[in-house]
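Trainee:
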Amino acid sequence: MAKAIPSRSENYSEWYNELIKKADLAENSAVRGCMVIKPYGFSIWEKMQRALDDMFKETGHSNAYFPLFIPKSYLSKEASHVEGFAKECAVVTHYRLKNAEDGSGVVVDPEARLEEELIVRPTSETVIWSTYKNWIQSYRDLPLLINQWCNVVRWEMRTRIFLRTAEFLWQEGHTAHATAEEAMDETKQMLEVYARFAEEWMAMPVIRGAKTPNERFAGADETLCIEAMMQDGKALQAGTSHFLGQNFAKAFDVRFLTKDNQLDYVWGTSWGVSTRLMGALIMAHSDDDGLVLPPKLAPIQVVIVPIFRNDEQLAQLTDKIKPLMQDLRKAGISVKYDNSDANKPGWKFAEYELRGVPVRLAMGLRDLENNTVEIARRDLKTKETVSFDGLVDHIKNLLDDIQKSIYARALEFRSQNTFKVDTYREFKEQIEKGGFLLAHWDGTSETEEAIKEETKATIRCIPLQGEEEEGTCIYSGKPSKKRVVFARAY
RNA sequence: CGGGGUGUAGCGCAGUCCGGUUAGCGUACCUGGUUUGGGACCAGGUGGUCGCAGGUUCGAAUCCUGCCACCCCGACCA
Numbered sequence: 005m006a007k008a009i010p011s012r013s014e015n016y017s018e019w020y021n022e023l024i025k026k027a028d029l030a031e032n033s034a035v036r037g038c039m040v041i042k043p044y045g046f047s048i049w050e051k052m053q054r055a056l057d058d059m060f061k062e063t064g065h066s067n068a069y070f071p072l073f074i075p076k077s078y079l080s081k082e083a084s085h086v087e088g089f090a091k092e093c094a095v096v097t098h099y100r101l102k103n104a105e106d107g108s109g110v111v112v113d114p115e116a117r118l119e120e121e122l123i124v125r126p127t128s129e130t131v132i133w134s135t136y137k138n139w140i141q142s143y144r145d146l147p148l149l150i151n152q153w154c155n156v157v158r159w160e161m162r163t164r165i166f167l168r169t170a171e172f173l174w175q176e177g178h179t180a181h182a183t184a185e186e187a188m189d190e191t192k193q194m195l196e197v198y199a200r201f202a203e204e205w206m207a208m209p210v211i212r213g214a215k216t217p218n219e220r221f222a223g224a225d226e227t228l229c230i231e232a233m234m235q236d237g238k239a240l241q242a243g244t245s246h247f248l249g250q251n252f253a254k255a256f257d258v259r260f261l262t263k264d265n266q267l268d269y270v271w272g273t274s275w276g277v278s279t280r281l282m283g284a285l286i287m288a289h290s291d292d293d294g295l296v297l298p299p300k301l302a303p304i305q306v307v308i309v310p311i312f313r314n315d316e317q318l319a320q321l322t323d324k325i326k327p328l329m330q331d332l333r334k335a336g337i338s339v340k341y342d343n344s345d346a347n348k349p350g351w352k353f354a355e356y357e358l359r360g361v362p363v364r365l366a367m368g369l370r371d372l373e374n375n376t377v378e379i380a381r382r383d384l385k386t387k388e389t390v391s392f393d394g395l396v397d398h399i400k401n402l403l404d405d406i407q408k409s410i411y412a413r414a415l416e417f418r419s420q421n422t423f424k425v426d427t428y429r430e431f432k433e434q435i436e437k438g439g440f441l442l443a444h445w446d447g448t449s450e451t452e453e454a455i456k457e458e459t460k461a462t463i464r465c466i467p468l469q470g471e472e473e474e475g476t477c478i479y480s481g482k483p484s485k486k487r488v489v490f491a492r493a494y
């Protein structure tokens, strides 16, 4: 069999890039750092959107839309926020083109300079809070629970398709609350939504944690995150939820009257996940034969490949398969029947494996005689011949099993690659091999920076569920009460 | 933004050092036939501004200059 993509062990990043191309997920565009998401890739993103959006609605949020352009002056209102984003903002300076005098094409019309330059949103806190100022007067207007699905632009130096692109798609939730406690509860609640989505839909185990001040979102008092481990042992931040305190309320003067008629600033949160999740999904499960998708997010859950010699045989098979397809669809299973004669069965098998279709049925005349079908699962690459009767239930169970099984496999991989280390020497040795290192840290930025400088590992998070444990910092020897998660990260 | 590499048909590549007929191979695609339970075979055919823009030359994929894109490694970041 011809090898479609490089293996993970040969060259992990090339494997990742080739997989994305060959599985028809996305491609690079004419603009540096921007990607074209192809129909197959986009339909996975749509499934993610649907699941997340339902969860946002269940927790009381509504969708809205805020503009792409932000007046430059807005960005300078919250000091640490500007500092965090200033270096990666795209700026609109003109609003008109004209034909070049020498006929060489169009040029920017120098006459058409904008009074105030516009920033292409890197995130929408500033426009949204300037709007919330008008929406919020009293405690009766709170909580305000809004989400938007949109694109944002961050002018990154070095891009990688899905993981870090100059333009990406995401959702950003922005909420306002009467009390700090309520805002903090919201921050935690949305982190839990993300964690549940990652585990139940993406079949990707995550660590829930808090960021250190160094790694925190610019403008937040606290950033919570979910961190996942990729198959090369590197960490990937898959979602963040921020407690904004009153920072943006103060910057944009968003105040409300309390029940006892006092004027107070509101408390804010923001939270987001992006098309980066596509990268996470790919790197969490896929193998050297291509994509491996969890059934819950697979655009096609079952593909049926007929094996035939002529039109008459195909017609016979189709007669048998059509009712099966109807039954599968009735059971809520998405199914594709590939009856084209452009390619041989073997070609189709390889192609659907590349695209990560969880279950494949193959059916030929032999099966027709025996009332059987060959059923293959993508994750384990095993196949068996089963009876045609009761097939829908069998497939239903199989899909559930695949969903659970790839989660279990990812969890197993993570525990195999998570290590408690107690000395800096051990730390430096282990970090070269990848994985998560659980180590004591003295809580200072200096230590964090020094370790990053020397080992390229960062503190991914301070785990929320981690148990208290007396120890000493691996770097400074100072006392510590809890282990934190170190790793090299995407 | 620094260091290295690559850009030639949809995809993967040879040719570039040392300039010279009509730019080649594999694959994909089209037509016909034989095939079809793990990426089929035979025959014929379509498809190229050789990344872009200048320059040198009788002549440029090949030499020179500038630019662009992508990949790998750094700095920065989700």
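If you read the first sequence in the working numbering, its first letter stands for residue 5, the second for the next number, and so on.
In this text, a Cβ means the ideal position worked out from N, Cα and C, and glycines have one as well.
Here the structure is a predicted model, which means the values were calculated and not measured.
#1: Along the chain, where does the beta strand (DSSP E) that runs through residue 241 open and close?
#2: Rounded to whole angstroms, what is the Cα-Cα separation between residue 410 and residue 51?
#3: Whether or not the segment 270-278 and the segment 330-347 are in contact is what I'm after, with contact meaning three or more pairs of Cβ atoms, one per stretch, closer than 8 Å; do they touch?
#4: Run through DSSP, which three-state label would residue 291 get?
#5: With burial defined as no fewer than 16 other Cβ atoms inside 10 Å of the residue's Cβ, what is the status of residue 498: buried or exposed?
#6: Give the single residue among 481, 18, 9 and 465 whose Cα lies nearest to the Cα of residue 241.
#7: Can you have a look at residue 306 and say buried or exposed, based on whether 16 or more other CB atoms are within 10 angstroms of its CB?
#8: On the CB-based measure, 16 or more other CB atoms within 10 Å of its CB, does residue 5 come out buried or exposed?
#9: Going by alpha carbons, who is nearest to residue 358 out of 248, 183, 119 and 302?
#10: Since I believe residue 140 is in contact with residue 180 (beta carbons under 8 Å), could you give me their beta-carbon distance rounded to a whole number of angstroms?
#11: So, is residue 115 buried or exposed, given that buried needs 16 or more other C-beta atoms within 10 angstroms?
#12: From the DSSP secondary-structure annotation, give me the bridge partner or partners of residue 172.
#13: For the pair the segment 209-218 and the segment 309-316, tell me if three or more CB-CB distances fall below 8 Å.
#14: Whole angstroms is fine: what's the gap from residue 345's alpha carbon to residue 320's?
#15: Tell me the residue span of the alpha helix (DSSP H) that contains residue 55.
#16: CB-CB under 6 Å to residue 348, same chain, minus the five flanking residues each way: which ones, in chain order?
#17: Looking at residue 452: is its Cβ nearer than 8 Å to the Cβ of residue 435?
#18: Go ahead and pull the three-state DSSP assignment for residue 210.
#19: Does DSSP put residue 29 in a helix, a strand or coil?
#20: Between which two residues does the alpha helix (DSSP H) carrying residue 379 extend?
#21: Relative to the C-alpha of residue 252, which residue among 472, 471, 23 and 81 is closest?
#22: Could you have a look at residue 230 and say whether DSSP puts it in helix, strand or coil?
#23: Under 8 Å: do the segment 158-175 and the segment 27-38 share three or more Cβ pairs, one atom per stretch?
#24: Closer than 8 Å is the cut-off here; do at least three beta carbon pairs connect the segment 440-447 with the segment 477-488?
#25: At what residues does the alpha helix (DSSP H) containing residue 412 begin and finish?
#26: The beta strand (DSSP E) spanning residue 362 covers which residue range?
#27: How is the alpha helix (DSSP H) around residue 138 delimited, first residue to last?
#28: What does a CB cutoff of less than 6 Å around residue 389 pick up in its chain, not counting 5 residues either side in sequence?
#29: Quick check: the Cα distance between residue 110 and residue 98, rounded to an integer number of angstroms?
#30: For residue 265, name the three-state secondary structure that DSSP assigns.
#31: Decide if the segment 6-22 is in contact with the segment 145-156; the criterion is three or more beta carbon pairs, one per stretch, under 8 Å apart.
#32: Put residue 217 into one of helix, strand or coil per three-state DSSP.
#33: Is the separation between the beta-carbon of residue 406 and that of residue 371 shorter than 8 Å?
#34: With respect to the alpha helix (DSSP H) encompassing residue 4, which residues constitute its N-terminal and C-terminal limits?
#35: The beta strand (DSSP E) with residue 97 in it runs from where to where?
Mentor: The answer reads as follows:
#1: 239-249
#2: 18 Å
#3: no
#4: strand
#5: The question about residue 498 has no answer here: the residues shown for the chain are numbered 5 through 494.
#6: 465
#7: buried
#8: A caution first: residue 5 carries a pLDDT of 39, below 50, which makes its placement in the model unreliable, though a value can still be read off. Residue 5 is exposed by the Cβ-count criterion.
#9: Among 248, 183, 119 and 302, the Cα nearest to that of residue 358 is on 302.
#10: 6 Å
#11: exposed
#12: 156
#13: no
#14: Between residue 345 and residue 320, the C-alpha separation is close to 15 Å.
#15: Note, residue 55: alpha helix (DSSP H), 43-62.
#16: none
#17: For the 8 Å CB-CB criterion, residue 452 and residue 435 do not form a contact.
#18: The answer is coil: DSSP assigns residue 210 none of H, G, I, E or B.
#19: Coil at residue 29, not helix or strand.
#20: Run containing residue 379: none in the alpha helix (DSSP H); it sits in the beta strand (DSSP E), 376-381.
#21: 81
#22: In this structure, residue 230 counts as strand in the three-state DSSP scheme.
#23: The segment 158-175 is in contact with the segment 27-38.
#24: yes
#25: 395-420
#26: Note, residue 362: premise wrong, no beta strand (DSSP E); not H, not E.
#27: 129-139
#28: Hits under 6 Å: 376 and 378.
#29: Going from the Cα of residue 110 to the Cα of residue 98 covers about 13 Å.
#30: coil
#31: no
#32: helix
#33: no
#34: With the chain covering 5 to 494 only, the question about residue 4 has no answer from this structure.
#35: 95-98
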